[in-house]
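Asks:
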Amino acid sequence: MTDLYIYNTLSRNREKFVPLKDGVATIYTCGPTVYSQAQIGNLRAFVSYDVLVKTLALFGFKVIHVMNLTDVDDKTIRASRAEGVELGDLTQRYIDIFFRDLDKLNIRRASEYPRATAHIPAMVALVSKLKDRGHTYESGGSTYFRISSFSGYGKLSGMDSAGLKPGARLDKDEYEKEDASDFVLWKGWKEEDGDVFWETEAGKGRPGWHIECSAMSMQYLGETVDIHGGGIDLIFPHHENEIAQSEAATGKKFVRYWVHNGWLLSDGRKMSKSLGNYHVLADVEKMGFNPLDLRYFFLTNHYRQQFNFTREGLDAAAKARQRVVDFHSRLGETGWAGGAGDAGGEAGKRLAEFSEALSDDLNTPKALVALHMLMAAVNRIENRGGLTASGAAAVKKAVESMDAVLGLLPGGREGALAPEEQELLDLRRDARARKDFKLSDTLRDRLLKMGIAVEDTPSGQRWKRADAGKQQIG
RNA sequence: GGCGGCAUCGCCAAGCGGCCAAGGCAAUGGAUUGCAAAUCCAUCACCCCCGGUUCGAAUCCGGGUGCCGCCUCCA
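Each residue of the first sequence is one higher than the last, beginning at 33 in my numbering.
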């Protein structure tokens, strides 16, 4: 097996991945803030982490993956108050949707999904450790981290307090800080927080945003984690602050490889509700796409690249994915009796190219090429009648190995035929047998409208689930 | 103002100094098909601009131009 290389934001270089503990990779990724449905840019990030995790597995590492759920912060509190529901009820609702989205996108579950609200003691303990070490100060009921007390500040983002835009808007908190770049570890309770607070030795209030990741990452994965992932926007200040508070507390390196994914744009701009270019998974489904089409679409771009969500791109992805699905299901058919063509050899060669592409900082666009090359070569063999049963089996296995990372195959969700569907297919088969093409064409149209595409082959008709037609989203 | 990313065929995209610039989608012609669909065959780019380094650059350096992002608890 070749070595795996990933780009480390800390060094701004591609580095060979070598975990702290032989054979085991620990990874922490920034999860959703559960105050609304995840928009597709979030989903891109989650798919990126999924590809990373599965690639680590492909390369033989045992992976321990932890993803946090931010279920208490300004936004969740604001949303729950606006709706007049309990914070816990609101966040649970979006946590359920989040997991449903993950399933639809073939994203493997992490080992743990710790919630911020369930880890308050760990955060308070971390704050007090920082206090003991002299990195904090209190002001207005809140506890702040003094960044001037941590010499490594800015090493991830390349930014320091001097580089911050002067005149940036200051909210009330800012007046209570010694330096505008200091950040809050523990937020003192305020009127608008309502009944959301914890009485702790840090005072009455709630945790700051950055502290949850540090506390939970350390609790589940130790003081030093191999990989920490997040969106590129989190480099500053979120991850910079995590490094400061974690390393100031432990004196140890917090994260060995920082991995950041690029933004997904929509209509060439950052997605935002006010621009009207904001989409969630349900929108994509309403457009008539399978969620896995969106996953394919993500995979056509490198994860660090910023790229644009477009209808056209999604269309191309859907078509390409359909070829993969068709190809795979054809391989599962029986009756291969050819005698020529080295399909097995082709499978091995393309599988090697596939993992080589992934080994190069998760180059999924290139990995997809290996899959397409394999399909083209095998189709060629099949077209010439040369595919053998063992060849088909070898190729099928290779495709499934690739799909263990790509996650494009529906996985048993195709479903069996309903009795009436089977009946129509039987009728059509009989009509064709007696060359009643008019009836057979009518039945084909009818089946297509029911979502079943029928194709005729020398050995009879074959069917597949297909979209009846994609509608324009309103 | 500080920091960062990007610019390759109609659209997406690989490319990390040297065989004819991968692949997908779209398109055109052909094979196959009762008609389709699927599949196969064929066609389809000299890499934003200017200068430099080099025997040799899409790939390195300098300077432009254009687009995007971060510096606001947004993946």
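In this text, a Cβ means the ideal position worked out from N, Cα and C, and glycines have one as well. From a predicted model like this one, the values you see are computed outputs, not experimental measurements.
Using the C-alpha atoms, what's the distance from Val228 back to Lys236?
Replies: When rounded, the distance between both Cα atoms is 10 Å.
Asks: Check whether the Cβ of Asp121 sits closer than 7 Å to any heavy atom of the ligand PLP, and report yes or no.
Replies: Looking at this structure, you won't find the ligand PLP or any other ligand, since it has none at all.
Asks: Along the beta strand (DSSP E) that carries Asp211, what are the first and last residues, could you check?
Replies: No beta strand (DSSP E) contains Asp211, which DSSP labels as neither H nor E.
Asks: Can you give me the Cβ contacts of Ile38 inside the same chain, cut-off strictly under 8 Å, excluding the 5 residues immediately before and after it?
Replies: Arg46, Glu47, Phe49, Leu84, Ile259, Tyr289, Val291, Asp393, Leu394, listed in sequence order.
Asks: State the CB to CB distance for the pair Ile413 and Ala276, rounded to an integer number of angstroms; the pair is presumed to be in contact (CB under 8 Å).
Replies: So it is not a contact: roughly 58 Å between Cβ atoms.
Asks: In whole angstroms, give me the CA-to-CA distance for Ala281 and Pro269.
Replies: Roughly 18 Å between the two C-alpha positions.
Asks: Per DSSP, what are the beta-bridge partners of Pro239 in this structure?
Replies: Bridge partners of Pro239: Trp218.
Asks: Ignoring anything shorter than 3 residues, give me the beta strand (DSSP E) runs that lie fully in the stretch 136–190, in order along the chain.
Replies: 168–171, 174–177, all fully within the stretch 136–190.
Asks: The beta strand (DSSP E) spanning Asp488 covers which residue range?
Replies: Start and end: 484–489.
Asks: Along the chain, where does the beta strand (DSSP E) that runs through Tyr67 open and close?
Replies: Where Tyr67 is concerned, there is no enclosing beta strand (DSSP E), given that its DSSP letter is neither H nor E.
Asks: How would you label Asn74, buried or exposed, when you count the other beta carbons within 10 angstroms and need 16 or more for buried?
Replies: Looking at its Cβ environment, which holds 16 or more other Cβ atoms inside 10 Å, Asn74 is buried.
Asks: Does the beta-carbon of Glu274 have 16 or more other beta-carbons within 10 angstroms, so that it is buried, or is it exposed?
Replies: Looking at its Cβ environment, which holds 16 or more other Cβ atoms inside 10 Å, Glu274 is buried.
Asks: In whole angstroms, what is the alpha-carbon distance linking Phe339 and Asp106?
Replies: Approximately 29 Å between the Cα atoms of the pair.
Asks: Over what stretch of residues does the beta strand (DSSP E) that includes Ala335 continue unbroken?
Replies: Contrary to the premise, residue 335 reads as Tyr rather than Ala in this sequence. Per DSSP, Tyr335 belongs to no beta strand (DSSP E) and is neither H nor E.
Asks: Going by DSSP, name the residue or residues bridged to Trp290.
Replies: Per DSSP, His260.
Asks: Where does Pro451 land, buried or exposed, given buried means 16+ other C-beta within 10 angstroms?
Replies: Pro451 is exposed by the Cβ-count criterion.
Asks: Leaving out five residues on either side along the sequence, give the residues of the same chain with a beta carbon under 6 Å from the beta carbon of Lys197.
Replies: Because Lys197 sits at a pLDDT of 47, beneath the cut-off of 50, its placement in the model cannot be relied upon, and the point is left open.
Asks: Assuming Leu475 and Ala463 make a contact with CB atoms under 8 Å, what is their CB distance in whole Å?
Replies: Sure, about 7 Å apart at Cβ, within 8 Å.
Asks: For Lys428, count neighbouring C-beta atoms within 10 Å of its own C-beta (all shown protein chains included) and say buried if the count is 16 or more, exposed if not.
Replies: Its Cβ being crowded by 16 or more others within 10 Å, Lys428 is buried.
Asks: Under a three-way DSSP split, which group does Leu296 fall into?
Replies: Correct three-state label for Leu296: strand.
Asks: On the three-state DSSP scale, how would you describe Arg466?
Replies: Residue state, collapsed to three classes: coil.
Asks: If I measure Cβ to Cβ from Ile96 and keep anything under 6 Å in the same chain, skipping five residues before and after, which residues do I get?
Replies: Hits under 6 Å: Thr58, Ser143.
Asks: Would Arg327 pass as a contact of Gly166 if the rule is Cβ separation under 8 Å?
Replies: No, these two residues do not count as a Cβ contact at 8 Å.
Asks: If you run the structure through DSSP and keep just helix, strand and coil, what is Phe131?
Replies: Helix, per DSSP.
Asks: Once the 5 residues before and after Ser189 are set aside, which same chain residues still bring their CB inside 7 Å of it?
Replies: Cβ neighbours of Ser189 beyond the five flanking positions: Ile267, Phe268, Glu272.
Asks: From what residue to what residue does the alpha helix (DSSP H) around Gly92 run?
Replies: Unbroken run through Gly92: none, as it is neither H nor E.
Asks: If you compare alpha carbons, which of Lys219, Ala425, Leu331, Trp230 is closest to Ala369?
Replies: Closest option to Ala369, Cα to Cα, is Ala425.
Asks: At 4 residues or longer, and completely inside the stretch 357–413: list those alpha helix (DSSP H) runs for me, N to C.
Replies: Listed in chain order, they are 375–391.
Asks: Report the residue from Arg125, Met191, Arg141, Trp221 whose alpha carbon sits nearest the alpha carbon of Thr175.
Replies: With distances taken between Cα atoms, Thr175 lies closest to Trp221.
Asks: Run the CB neighbour count on Thr65, radius 10 Å, all protein chains shown included, and call it buried at 16 or more, exposed below.
Replies: Thr65 is buried by the Cβ-count criterion.
Asks: Using the rule of at least 16 other Cβ atoms within 10 Å of the residue's Cβ for burial, across every protein chain shown, is Lys467 buried or exposed?
Replies: Answer is exposed; the Cβ neighbour count stays below 16.
Asks: So is Leu101 buried or exposed if we call it buried at 16+ other beta carbons inside 10 Å?
Replies: It is buried - the Cβ of Leu101 has at least 16 other Cβ atoms within 10 Å.
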